[in-house]
Structures are given as structure tokens and as C-alpha cells.
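J.:
The following block contains the structure:
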């Protein structure tokens with residue numbers, strides 16, 4: 019950064035990247051000539067102006083070739099800057115190539131992804147929808163509202179409620195290698211698996227980037243259901259790129275509601291169950307990545323006093 023700041027301090031090149039590039043390359047290609055002339059002066063050796071002219075010609079040619087080559091090489095960076103500016107100014111956006119694997123390719127891929135996600139997120143905020151636009155599941159907002167309703171039904175004894183958090187792991191490295199667009203496709207794949215493998219009375223929400231939530235209503239076989247769902251997630255790979263299959267590692271924490279349990283306590287217990295399940299991420303046994311807690315109905319104050327007296 020210091021070298022860029024140094025160039026930016028020169029008024030003639032401050033407003034133009036091509037001028038900065040040309041000035042830098044000119045200085046770099048003339049260093050050998052300057053060093054040659056300084057060595058001759060230091061050794062009191064007469065200068066051969068023919069050799070000086072020849073070296074200067076070679077350096078000038080190297081400068082022109084290097085400048086043209088660098089301008090061609092930096093075209094993707096200039097195109098990326100134009101696309102980002104177009105997203106900010108709400109103008110039509112050019113399509114960027116997203117198949118590069120070096121840092122320039124990653125820059126183009128990430129800029130394309132950030133722009134698309136910004137549009138998607140802006141649309142979701144403006145519409146305040148109850149549906150997650152990426153997966154088609156409930157949004158977090160809708161999931162919280164549904165959870166409040168189901169907890170109220172469970173308190174009244176109208177239903178049995180289990181609430182599960184499903185955290186997905188191993189996606190960050192895949193995004194770094196293949197681009198975040200491919201991770202979005204994988205998340206859609208996971209959402210479809212959750213939707214297909216849930217009953218119509220259940221509900222599924224995308225809670226955050228790689229976190230999903232499910233409300234199980236009147237499920238009398240929650241252990242078998244969670245084990246089956248966990249197996250489906252980890253054993254149903256998605257073709258992340260042609261010829262390469264990938265599946266997330268899933269940690270599932272479940273809390274069973276009991277009448278009278280405070281909503282916040284119930285929610286916190288489900289989060290704690292997920293954290294416990296995540297402790298088994300390094301294990302080869304899938305059961306180590308599943309944790310289910312069953313809450314008990316709290317005692318009222320009078321009952322607590324009687325028990326304390328005994």
C-alpha cells in the first residue's frame with residue numbers, strides 16, 4: 019500500500035491507473051541503465067554512448083511491451099471495478115468470467131457474488147417477506163413467529179413440540195475453491211431435502227447463512243426421525259462442480275418442549291443442544307453429531323416450597 023500511496027502523491031498520475039502503471043514500469047525498466055552509468059562514473063571509466071543508446075533502446079522497448087502486457091492483464095480488474103460501480107449505481111451489469119482460480123479470478127467471482135447477493139438481500143428487506151428468497155423456506159422472521167405459536171399450543175396441551183437447529187459445516191472451504199454461487203446451490207439442495215423429508219404438519223426455516231431450524235409437531239418418534247434426517251443430509255451429495263460431489267457435515271440439536279417452560283429457555287436449550295452436537299464434528303460416528311434434550315415441566319412456587327420443607 020505504501021508504494022501506491024507514493025504514486026498517488028504525484029499529481030500527474032493521481033487520477034489515472036494507466037498513468038501510475040506506465041510511470042512505475044518506466045522507472046523499473048530504466049534502473050539497469052542508471053546503475054550502469056553510475057558504475058561507470060564511480061570507476062572513472064569513460065561512457066560508451068553507443069552502448070548507452072543501445073541499452074536505452076532495449077529498455078524503452080521493454081517498457082512498451084511491459085506496459086501493454088500489464089494493461090491486458092489488468093483488464094479483468096478494471097472490468098470488476100466497473101461491475102461493482104454499476105451495482106452501486108443501479109445500472110445494467112456486465113457478465114464477469116467466474117472460472118479463474120488465481121486471486122484475480124477470485125476477485126471477479128466474489129464481486130459477482132456480492133453484487134447478486136446485495137440485490138437479493140435488498141429485495142428481501144424491502145419486501146419484508148416471510149419466505150427466504152434463496153431456499154423458498156420460512157425466513158427467520160416467519161420461523162420465530164411460528165415457533166411462538168407452537169409453544170403456545172404446547173403450553174395448552176394441544177400438541178407435542180420438538181424444535182431442532184441444524185448447522186451445516188464444511189461449506190466455507192468449498193466456497194473458497196468453487197465460488198459462493200455453488201454454495202448457494204448446495205443450500206438449495208439441502209433445503210429441498212429438508213422439505214421433502216418433513217411432514218406437512220412440520221415447518222422448516224432458514225435461520226441464518228448455514229443454519230436451518232425445524233419445528234416437529236406431534237412427533238412420537240423424534241429419535242428415529244432425527245437419525246434418518248441426519249443420514250439424508252450427509253449421504254445425499256450434490257454435484258458442486260462437474261465430476262465432484264459434496265455433502266455438508268451436519269450437527270443437529272433438538273429440544274423437546276414441556277408445558278410451562280419459558281419460551282427463551284426453550285430456545286436456549288435448543289441452541290445449547292446444537293452446540294453439544296457440534297462437539298462431535300470430528301467423530302466418524304454420525305450419532306455423535308446429534309443431541310436431543312427433553313425439558314421437564316417446571317414446578318410452581320408452592321410445590322417448590324413443600325419440597326424444600328421436606
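Numbering (the working numbering), first residue to last: 19 to 328.
From the three backbone atoms N, C-alpha and C, an ideal C-beta is built for every residue, glycine too.
No experiment lies behind these values; they were computed from the predicted model shown.
1) Provide the residue(s) that pair with residue 257 in DSSP beta bridges, ordered along the chain.
2) Just mark residue 263 as buried or exposed, buried being the case when its beta carbon has 16 or more other beta carbons within 10 Å.
3) Where does residue 75 sit, in a helix, a strand or coil, going by DSSP?
4) Ignore the nearest five residues each way along the sequence and tell me which others in residue 177's own chain have a CB closer than 8 Å to its CB.
5) So who's on the other strand from residue 204, going by DSSP bridges?
6) In three-state DSSP terms, what is residue 212?
7) Considering only the alpha carbon of each residue, which of 185, 238 and 78 lies closest to residue 49?
8) Decide if residue 96 is buried, meaning its Cβ has at least 16 other Cβ atoms within 10 Å, or exposed.
9) May I have the straight-line CA-CA distance separating residue 308 from residue 110, to the nearest angstrom?
10) At the level of alpha carbons, what is the spacing between residue 217 and residue 180?
11) Which residues in the same chain as residue 30 place their Cβ atom closer than 6 Å to its Cβ, once the five residues preceding and following it in sequence are excluded?
12) In terms of residues, what are the limits of the beta strand (DSSP E) holding residue 312?
13) Is the beta carbon of residue 231 closer than 8 Å to that of residue 182?
14) Could you pull the DSSP bridge partners for residue 271 from this structure?
15) Grab me the residues of residue 322's own chain with a C-beta within less than 8 Å of its C-beta, minus the 5 sequence neighbours each way, in chain order.
16) Residues in its own chain within less than 8 Å of residue 193 by CB, not counting five upstream and five downstream?
17) Take residue 319 and list the residues in its own chain whose beta-carbon comes closer than 7 Å to its own, dropping the five residues that flank it on each side.
18) Going by alpha carbons, who is nearest to residue 300 out of 311, 287, 291 and 268?
19) Using DSSP with H/G/I as helix, E/B as strand and the rest coil, what is residue 31?
20) Taking only the alpha-carbon atoms, compute the straight-line gap between residue 154 and residue 210 and give it to the nearest angstrom.
21) Does the region 245 to 256 come into contact with the region 158 to 166, if we say contact requires no fewer than three beta-carbon pairs (one atom in each stretch) closer than 8 Å?
22) If you follow the alpha helix (DSSP H) that residue 295 is part of, which residue opens it and which one closes it?
23) Since residue 82 contacts residue 133 with CB under 8 Å, what's their CB separation in whole angstroms?
24) Exposed or buried, what is residue 196 when buried is set at 16 or more other beta-carbons lying within 10 Å of its beta-carbon?
25) So who's on the other strand from residue 156, going by DSSP bridges?
26) Taking the DSSP output, what are the residues bridged to residue 234?
27) Helix, strand or coil for residue 229, going by three-state DSSP, please let me know.
28) Measuring straight from C-alpha to C-alpha, what distance separates residue 73 and residue 44?
29) Kindly indicate the opening and closing residues of the alpha helix (DSSP H) around residue 303.
30) Alpha carbon to alpha carbon, what distance is there between residue 290 and residue 225?
T.: In this structure, then:
1) 263
2) exposed
3) Three-state DSSP puts residue 75 in a helix.
4) 168, 171, 235 and 236
5) According to DSSP, which records beta bridges pairwise, residue 204 is partnered with nothing at all.
6) Residue 212 falls in the helix class under three-state DSSP.
7) 78
8) exposed
9) 47 Å
10) 13 Å
11) none
12) Segment 308 to 312, the beta strand (DSSP E) holding residue 312.
13) Judged by beta-carbon spacing, residue 231 lies within the 8 Å limit of residue 182, meaning their Cβ atoms are closer than that value.
14) Residue 271 is bridged by DSSP to 183 and 309.
15) With a pLDDT of only 48 at residue 322, under 50, the local geometry of the prediction cannot be trusted, and the value read off the model is given with reservation. Excluding sequence neighbours, residue 322 sits near nothing in its chain.
16) 200 and 201
17) Residue confidence for residue 319 is low, a pLDDT of 45 falling below 50, so the modelled location carries little weight; the figure read from the coordinates is stated next. Excluding sequence neighbours, residue 319 sits near nothing in its chain.
18) 268
19) coil
20) 9 Å
21) no
22) 281 to 296
23) Actually they do not touch by this definition, with Cβ atoms about 35 Å apart.
24) buried
25) 149 and 223
26) 180
27) strand
28) So the two alpha carbons sit approximately 14 Å from each other.
29) Element bounds for residue 303: n/a, residue is neither H nor E.
30) 15 Å
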